[in-house]
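Here is the structure we will look at, set down as structure tokens.
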Amino acid sequence: MGWLERLTGKKDKSADQAKERLKLVLIHDRTDITPHQMEIMKNELLEVISRHVAIDPNAVRIDMAQEGREQRLIADIPLRATNSRRK
Amino acid sequence: MTAKVLTITSGKGGVGKTTTTANIAVALANLSHKVVCIDADIGLRNLDVVLGLENRIVYDLVDVVEGRCRLRQAMIRDKRLPELYLIPAAQTRDKNAVSPSDMVRLCDELRSDVDWVLIDSPAGIERGFRNAIAPADVVMVVTNPEVSAVRDADRIIGLIEAEEKGPARLVLNRVNMTLIKRGDMLNAEDVLELLAVELIGIIPEDESVVVSTNRGQPVALDGKSKAGLAFQNIARRLNGEKVPFLNLEEKDGFFNRLSRVLRGGGA
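These protein sequences, in sequence, are chains A and B.
Under this note's numbering, the first residue of the first sequence is numbered 11, with each subsequent residue one higher.
Under this note's numbering, the first residue of the second sequence is numbered 117, with each subsequent residue one higher.
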């Protein structure tokens, strides 16, 4: 890293890139789920959920997270505010 | 005596499995343990040259398994140490000449007689790897701070857990502090966070490993180099001692400081 990057605080260290790339690769290696399959699963999940509650598809985050050597599917699905309560 | 069987594996080739096996064997023998190492890399024999015992081979692992000699006859004694032995791999056969149950039987025969059986696993995840981990009580995974080696280590750690041989212990080999400081190499913390396993040793990249391998005298024979010391520390940890990890920072001598000033102040 040169003095210019140091001054501007730009994060372009190759070790950081290696770590980020490995994180993603390991998740897919461990779960055997490709990014494509993940996308399909995500869409199906959204479809089922939106049948019951109103959600904003663009605010939904479904990700794989690592906890020790275990993988976890984490979904953060904000519900859309509604004024009319169900009877 | 009831031996512990320690298998050294890695997934990826060329990360330093054989060097690690040879050095831990030497270091354990230096601590007055009786050690037998087995080269399980059939067809690609190498532990013999790294240990400097290549000229003394008469019988090999396949000879023992196929009953052409007794176990004792295939054990080459290393004369530099009181009780270090090598059972070399066969060079002209393939890995299917030995089965996992052959390895279990062979190690069981050794168990009552020695303190440690070290098995140098071949690279890969096939038969040779299965042979190497079948009799293991402890499995050590060697990796380098580099994307392909870490990825393969993760695969291997998963397989070790699936075989109920876990938890694997990690040896991080060829750590280059200059590159780490520059932000161009994964550090031990990064690798541990990614792999989520227990660390048992960090070995610095060290020219003396190349030199000692050239001579057939493992660095751990004397503890003068940093790598040699790091291997000795692994042996002590295996022995149940609590040994802090080495400080791998280069000595801040005059020339280091001078060259930093000349390079323009980069740490």
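Idealized CB from N, CA, C, for every residue including glycine.
Remember, it's a predicted structure, so these values are computed and weren't measured experimentally.
Asked: Length-filtered (3 minimum) beta strand (DSSP E) runs lying within the stretch 196–270 of chain B; Found: 200–203, 232–236 and 254–259
Asked: Residue 24 (chain A) to residue 321 (chain B) span [Cα, whole Å]; Found: 19 Å
Asked: Spatial distance of residue 75 (chain A) from residue 37 (chain A) (CA atoms); Found: 8 Å
Asked: DSSP bridge partner residues for residue 117 (chain B) (one or two, in chain order); Found: Bridge partners of residue 117 (chain B): none, in fact.
Asked: Cβ-based neighbour list, residue 290 (chain B), same chain, cut-off 6 Å, excluding 5 preceding and 5 following; Found: 260 and 321
Asked: Contacting positions in the stretch 17–50 of chain A - beta carbon closer than 8 Å to chain E; Found: Looking for chain E here will not work: the only protein chains present are A and B.
Asked: Given residue 303 (chain B) as reference, the closest of B:238, B:262 and B:130 once Cα atoms are compared; Found: B:262
Asked: Cβ contact check for the stretch 281–296 of chain B and the stretch 152–163 of chain B: 3 or more pairs under 8 Å; Found: no
Asked: Reduced DSSP category for residue 164 (chain B) - H, G, I as helix; E, B as strand; rest coil; Found: helix
Asked: Residue 231 (chain B) vs residue 127 (chain B) beta-carbon contact at 9 Å; Found: no
Asked: Segment contact flag, the stretch 350–364 of chain B with the stretch 132–152 of chain B, C-beta cutoff 8 Å, min 3 pairs; Found: yes
Asked: Reduced DSSP secondary structure (H/G/I, E/B, other) of residue 362 (chain B); Found: coil
Asked: Same chain only: Cβ atoms within 7 Å of residue 246 (chain B), ignoring 5 sequence neighbours per side; Found: 216
Asked: Residue from B:343, B:152, B:148 and B:281 whose Cα sits closest to the Cα of residue 292 (chain B); Found: B:343
Asked: Local conformation of residue 49 (chain A) per DSSP, three classes; Found: helix
Asked: Contact under 9 Å by Cβ, residue 125 (chain B) with residue 249 (chain B); Found: yes
Asked: Beta bridge counterpart(s) of residue 66 (chain A) as assigned by DSSP; Found: Paired residues: none, contrary to the question.
Asked: Proximity winner among B:341, B:361, B:350 and B:335, relative to residue 168 (chain B) (alpha-carbon distances); Found: B:335
Asked: Pairwise C-alpha distance: residue 90 (chain A) and residue 279 (chain B); Found: 47 Å
Asked: 9 Å Cβ cutoff, residue 11 (chain A) in contact with chain B; Found: Caution is warranted here: a pLDDT of 47 is assigned to residue 11 (chain A), below 50, making its placement in the model unreliable, and no coordinate value can be reported.
Asked: C-beta neighbour in chain A for residue 277 (chain B), strict 9 Å; Found: yes
Asked: Pair within 9 Å by beta-carbon distance, residue 209 (chain B) and residue 178 (chain B); Found: yes
Asked: Continuous alpha helix (DSSP H) assignments of at least 4 residues falling wholly in the stretch 288–371 of chain B; Found: 293–297, 304–311, 323–331 and 342–354
Asked: Per-residue contacts from residue 157 (chain B) into chain A (C-beta, under 8 Å); Found: In chain order: nothing, as chain A lies at least about 25 Å away.
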